[in-house]
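S.K.: The sequence shown lines up with residues 0 to 172 when you count with the numbering used here.
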Amino acid sequence: MSTVVELFVEFAILSFVAFGGATALLPEMHRLVVDQHHWLDAATFTHLYAIAQAAPGPNVLVVTLIGWQIAGLAGALAATLAMCLPMSVLIYLLIDHWERFSGRRWQRAISLGVAPLAVGLIFSGATLITQSVGLSGAAFGVLAVTAVAAVRTRWHPLWFIAAGAILGASGLL
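In structure tokens:
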């Protein structure tokens, strides 16, 4: 039971810096569950992230899967509640006060400052996943071509996913 409590406490603390959602916290989650507590290995962590991204629903599913892998149903509930509940309660308690200060210079500064923070956190998560997968030079080439094509064309993202799946299944990547 101590693992479940520890899992709850660790994820509750993380929830207060979840700007950009759970995906933005991937490097810190990885540090906690793989490097610090050794609850998971790096490959399992990456696989759980991939499963969570493939499943429909919010990106917080990765937290549920990590909790499930560590401590079963109790771990899944503890991790999910820890990620969602503390900040939700805090926002509920503070929202009236936040609205009262609408238009103030410091409020606008906070609102504008959170956006680059979220982008940076999400980018660091993407970097972590990319490094843990161990992509080859060819895979980085496909990644670059896909990024450029996604920006310059109006193709549906599923075409890019299908192309990547075909290249991976054929052993080219």
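From the three backbone atoms N, C-alpha and C, an ideal C-beta is built for every residue, glycine too. Because the structure is a prediction, the values reported are computed rather than measured.
1) Would you decide whether His29 is buried or exposed? Buried here means 16 or more other CB atoms lie within 10 Å of its CB.
2) Please report how far the alpha carbon of Phe15 lies from the alpha carbon of Thr152, in whole angstroms.
3) Return yes when the Cβ of Ala73 is within less than 9 Å of the Cβ of Ala11, no when it is not.
4) Using a threshold of 9 Å, state whether the C-beta atoms of Ala75 and Thr2 are closer than that.
5) Write down the C-beta distance between Ser131 and Ala41 rounded to the nearest angstrom, noting that I regard them as a contact closer than 8 Å.
6) Quick check: the segment 86-104 against the segment 45-54, are at least 3 beta-carbon pairs closer than 8 Å?
7) Taking Cβ to Cβ, would you say Thr22 is nearer than 9 Å to Gly119?
8) Three-state secondary structure (DSSP) at Ala54?
9) Could you check how far apart the C-beta atoms of Ala117 and Phe44 are, in whole angstroms? I think they sit under 8 Å.
10) Using 9 Å as the threshold, is the C-beta distance between Leu64 and Leu47 below it?
11) Below 8 Å on the Cβ atoms is my contact criterion, and I expect Leu174 with Leu24 to pass it. Report the Cβ-Cβ distance as a whole number of Å.
M.R.: Taking the geometry as given:
1) By the beta-carbon neighbour count (other beta carbons within 10 angstroms, threshold 16), His29 is buried.
2) Going by the C-alpha atoms only, they are around 37 Å apart.
3) With a cutoff of 9 Å on beta-carbon distance, Ala11 and Ala73 are scored as not near each other.
4) No, they are not a contact pair.
5) Yes, Ser131 and Ala41 are in contact; Cβ-Cβ is about 5 Å, under 8 Å.
6) Output reads no: the segment 86-104 does not touch the segment 45-54.
7) Between Thr22 and Gly119, the C-beta spacing is not below 9 Å.
8) In this structure, Ala54 counts as coil in the three-state DSSP scheme.
9) About 21 Å; that fails the 8 Å criterion.
10) The answer is yes: Cβ separation under 9 Å.
11) Here the chain covers residues 0 to 172 and nothing more, so residue 174 does not appear.
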